[in-house]
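Asker: For reference, the structure I am asking about is given below.
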Amino acid sequence: MSPATTTKGSTNVLDTHCQGAGLSKSTKPWSKAYRRFRQFEGLGLDSTYSIHLPRSLPPRIDLKGKNVIISGSNSGIGLEAAYVFALWGANVILACRPNVPVYELSPADACREIVNRGSGNIDPKQLEVWDLDLSSFKSAEELGKRWLQTGKPLDYLINNAGLSSPKYIKTEDGFELTRSVNYLGHCLLSLILLPAMKKAQAPRIVNTCSCFHYQGDLDFSNLDYEKSDGQVRGPGGVQAYCDTKLQHLMWTKELQVRLSESDEYRHVVVNGVHPGFIGSNIWKAPGISDLAWPQPQLLNWLVSSLSVSTQQGSLCLLYGALHPSFGLRPSELEKLPKNASANTAIAKGLTAQVGGHYIQRDRAEIPRPECSDRLARSRLWQRTLEDIKAEQRGLASDLPGHPVDLF
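The sequence shown begins at 1 in the UniProt record's numbering and counts up one residue at a time.
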């Protein structure tokens, strides 16, 4: 049975099923028209019809000996990022669902492509394929624990996999599929892997968010569309996609704040990124062709005319993970020990200032006001811990609790 919902406007952070967005009274939400404008601007479909494109890769870094996990890395921007990480020397875990659709490369073929493109500069031993099905909490937990059992530090976690399910589907854990894959599964995986990131010198988490977060709706009493039996998810499930991207960006900011104030993880930097309008094989997914006319035709035109390549889109992942502008400064990095927890070398609160960005391709942009609302972010944090059963799994107990004034 679902917990009872409370009235709209509740100020208690523990009211995690309240009606509406649960915002502070001081937060002024954007209008739907302005949200739409910012979404189109992020897609390059604003009044100037221009798309800002990064000119190059971030400054090259020697990643030899560094460890990276990238979800959804057998295709699209995840594959392109995996290639660069491996080319620059990192050991890369391609975390992919075991049964990939026909329009994607198999993980084994993706590894071969990366090695072949490296022209002798990538050792096949740098790449491993691990199963990860983000629609299953069990699968996310198994991968996380498997990594912890290696005893290795984790330098970069790239939470990239995502989908927009055209149908209303509940997962084995009881959550709407899009929310599980795009949001809850990555939250669970991140919290499980934090102890391994504690061991890294300057670790970063990158979450693939989207300019579609500007169109997201937030209703704590309806996060899994239980009120409407899935009928408000939008054509092709696009509204559910928008909603989960808003949640993930809010959670990114809240995670960064809590990490920065923790005793163990204050050197971990988290960023949310938007890759742009990518002409990837996601547009070949089932359900696109089932949309009512003329939506498939219009979408095909947009993809062929205005999208950018997966290589171009992957730059956001690399900038979020590697660029000096979105992490600790060189003077701060010099203080960090090479192979141990850096919690004593970094001041509390510092990484909340240098991380937690919404990076649009290669530059920080302003996210929705909800991402700056401490009450809504904390409420979402609490709800997420409840949904993934964090307490039962022994997760997040070493992170700071809620501010006392939110009770």
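Even glycine gets a Cβ: it sits at the ideal position worked out from N, Cα and C.
1) Under the criterion of a Cβ to heavy atom distance below 6 Å, does P369 qualify as lining the ligand FAD?
2) Contact check, A376 vs G22 under 8 Å by CB: the rounded distance?
3) Throw me the rounded Cβ distance for the H17 and F175 pair, which I believe falls under 8 Å.
4) So the beta strand (DSSP E) I70 belongs to, where does it begin and stop?
5) So what's K145 in DSSP terms, helix, strand or just coil?
6) Count Cβ pairs between the region 163–173 and the region 127–139 that sit closer than 8 Å; are there 3 or more?
7) Would you identify the three-state DSSP class for I366, choosing helix, strand or coil?
8) By the three-class DSSP mapping on this structure, what secondary structure does residue 431 have?
9) I'd like to confirm the pairing. Which residues does DSSP put opposite R204 in its beta bridges?
10) Can you tell me whether G355 is buried or exposed? The criterion is at least 16 other CB atoms within 10 Å of its CB, across all chains shown.
11) Alpha carbon to alpha carbon, how far is F326 from P400? Give it in angstroms, no decimals.
12) I believe C187 touches W251 by the beta-carbon criterion, under 8 Å. Please report the beta-carbon distance rounded to the nearest angstrom.
13) In the structure shown, what three-state DSSP assignment does M1 receive?
14) Excluding the 5 residues preceding and the 5 following F212 in the sequence, name in chain order all residues of the same chain whose CB lies nearer than 7 Å to its CB.
15) Counting C-beta neighbours from all protein chains within 10 Å, is the total for W293 16 or more, i.e. buried, or is it exposed?
16) Touching or not, the region 200–208 and the region 268–278, by the rule of three or more beta carbon pairs under 8 Å?
17) For S397, count the other beta carbons within 10 Å of its own beta carbon; 16 or more makes it buried, fewer makes it exposed. Which is it?
18) Would a C-beta distance cut-off of 7 Å place residue 470 and L193 closer than the cut-off?
19) Let me check one thing: in DSSP terms, what residues is L94 bridge-paired to?
20) How would you label D155, buried or exposed, when you count the other beta carbons within 10 angstroms and need 16 or more for buried?
21) Tell me, which residues are paired with I274 by DSSP?
22) Alpha carbon to alpha carbon, how far is Q353 from L157?
Answerer: Let me lay it out:
1) No copy of the ligand FAD appears in this structure; indeed no ligand is present at all.
2) Taking the sequence shown and counting its residues from 1, one reaches residue 376 at position 376. Taking the sequence shown and counting its residues from 1, one reaches residue 22 at position 22. Yes, they are in contact, since the Cβ atoms of A376 and G22 sit about 5 Å apart, within 8 Å.
3) If you number the sequence shown from 1, residue 17 lands on position 17. If you number the sequence shown from 1, residue 175 lands on position 175. Not really, about 14 Å apart at Cβ, beyond 8 Å.
4) Taking the first residue of the sequence shown as position 1, residue 70 is located at position 70. Residues N67 to S71.
5) The residue you call residue 145 lines up with position 145 of the sequence shown. K145 falls in the helix class under three-state DSSP.
6) yes
7) Locating residue 366 in the sequence shown gives position 366, where the first residue counts as 1. Reduced to three states, the DSSP call for I366 is coil.
8) Nothing can be reported for residue 431: it is not among the residues displayed for the chain, which extend from 1 to 407.
9) In the sequence shown, the residue the question calls residue 204 occupies position 204. Y156 and V269.
10) For the purposes of this step, residue 355 is taken as the residue at position 355 of the sequence shown. G355 comes out buried.
11) Position 400 of the sequence shown, counting from 1, holds the residue named residue 400. Position 326 of the sequence shown, counting from 1, holds the residue named residue 326. Whole-angstrom Cα-Cα distance: 23 Å.
12) In the sequence shown, residue 187 corresponds to position 187, counting from 1. In the sequence shown, residue 251 corresponds to position 251, counting from 1. Confirmed, Cβ separation roughly 6 Å.
13) The sequence position of residue 1 within the sequence shown is 1, counting from 1. Model confidence at M1 stands at a pLDDT of 37, short of 50, so the residue's coordinates are unreliable and nothing is read from them.
14) Walking along the sequence shown from the start, residue 212 turns up at place 212. Hits under 7 Å: Q39, Y241, C242 and K245.
15) Taking the first residue of the sequence shown as position 1, residue 293 is located at position 293. Exposed: under 16 other Cβ atoms inside 10 Å.
16) yes
17) Counted from its first residue, the sequence shown places residue 397 at position 397. Exposed, since its Cβ has fewer than 16 Cβ neighbours within 10 Å.
18) Any question about residue 470 goes unanswered here, given that the chain covers just 1 to 407.
19) Residue 94 sits at position 94 when you count from the first residue of the sequence shown. According to DSSP, L94 bridges with I70 and V129.
20) By one-based count along the sequence shown, residue 155 stands at place 155. Looking at its Cβ environment, which holds 16 or more other Cβ atoms inside 10 Å, D155 is buried.
21) Taking the sequence shown and counting its residues from 1, the one referred to as residue 274 is at position 274. Per the sequence presented here, residue 274 reads as His, with Ile not at that position. Q360.
22) Working through the sequence shown from its first residue, we reach residue 353 at position 353. Working through the sequence shown from its first residue, we reach residue 157 at position 157. Taking the straight line joining both Cα atoms gives about 20 Å.
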